[in-house]
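Top line first, the protein sequences correspond to chains A and B. Mapping of the first sequence onto our numbering: position 39 corresponds to residue 40, and the numbering continues sequentially without gaps. Mapping of the second sequence onto our numbering: position 85 corresponds to residue 785, and the numbering continues sequentially without gaps.
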Amino acid sequence: MLLFRSEDDILAWCEQRHMTPGAVFDLARLWSLATVWYDDRLNSAWRRRTIPERQAILDAVGLTGSFWRLTDS
Amino acid sequence: MSTDPVRLTPGRLVRDSEIRLWIYQHFVDTGRAPSPVEIAAHFQLTPSEIEDRLRRLQDEADALVLLPGSHHIWMAEPFSAVPTSFLVRSGTRQWWGNCVWDALAILALVGTDGSVFTACPHSGQPLVVSATKGSLEGAQGIVHFAVPAHEWWRDIGFT
């Protein structure tokens, strides 16, 4: 996941690499995701969240749709 | 491979979860990963024992990523043990994030004000994102996820 100056930069960068652009969104949404995704890592009882638990976090910050499905089924 | 905790001293067992948490706290406190030798010394385990534990934390608990072909820590998400394009600073402390998501997550996890320093991969323009009291300030830039979610862990280094 990279941070670009603008959407034009993303499109040009992808074109240079013959890549289809992926998902694009603003930093406010990424901050919402970043504040919860790893918030249990300093807990002594940490365990890897299950896929449904992780999917629920993505859903909660509005990252829905096929690109954000954690399983390809 | 045994999953039993190792006896450190009589009555004292070392669980994988303790090792994991100590590694994370080491990242928080120092900005870097402890070496296998440092971990072994802290828990009074042999190098072979700590290598087994680190391998288990990677392969079974999915808690760490080791540098390929070694027992040195590469990632304890969101922290990177090696320098990246995502420098995180708070006062005199600094860390490396694996990506812009992880870099922001470090500030959130540590619970501190600070900034992420990176650059636009296309234009090269430096970009700084600062967080103060739990909110972003003067956020510059737009985020691009190249890899769909179901492929994130297929090649975590690329993701």
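Glycine included, C-beta positions come from ideal geometry on N, C-alpha and C.
Along the region 51-66 of chain A, going in chain order, the ones with a CB nearer than 9 Å to a CB of chain B are 55, 56, 59, 64. DSSP places residue 61 of chain A in the uninterrupted alpha helix (DSSP H) bounded by 52-61. Residue pairing for residue 776 of chain B: DSSP places it in a beta bridge opposite B/779. Distance from the CA of residue 750 of chain B to the CA of residue 731 of chain B, rounded to the nearest whole angstrom, comes to 21 Å. If you draw a straight line from the Cα of residue 752 of chain B to the Cα of residue 777 of chain B, it comes to about 20 Å.
Closest by C-alpha distance to residue 800 of chain B, out of B/846, B/742, B/771, is B/846.
Beta-bridge pairing by DSSP links residue 27 of chain A to B/842.
Interface criterion not met: the Cβ of residue 727 of chain B is under 7 Å from no Cβ in chain A. Considering only beta carbons, the part of the region 770-785 of chain B lying closer than 7 Å to chain A consists of 777, 778, in chain order. Residue 849 of chain B sits close to residue 69 of chain A, with the two beta carbons spaced by under 7 Å. Closest by C-alpha distance to residue 22 of chain A, out of A/62, A/9, A/50, is A/9.
In this structure, DSSP gives residue 36 of chain A a helical state, which the three-state scheme calls helix. For residue 758 of chain B, the enclosing alpha helix (DSSP H) begins and ends at 747-759. Using a Cβ-Cβ cut-off of 7 Å, residue 41 of chain A does not count as an interface residue toward chain B, since no Cβ of chain B sits closer than that to its own. Taken atom to atom, the span from the alpha-carbon of residue 28 of chain A to that of residue 770 of chain B is near 35 Å.
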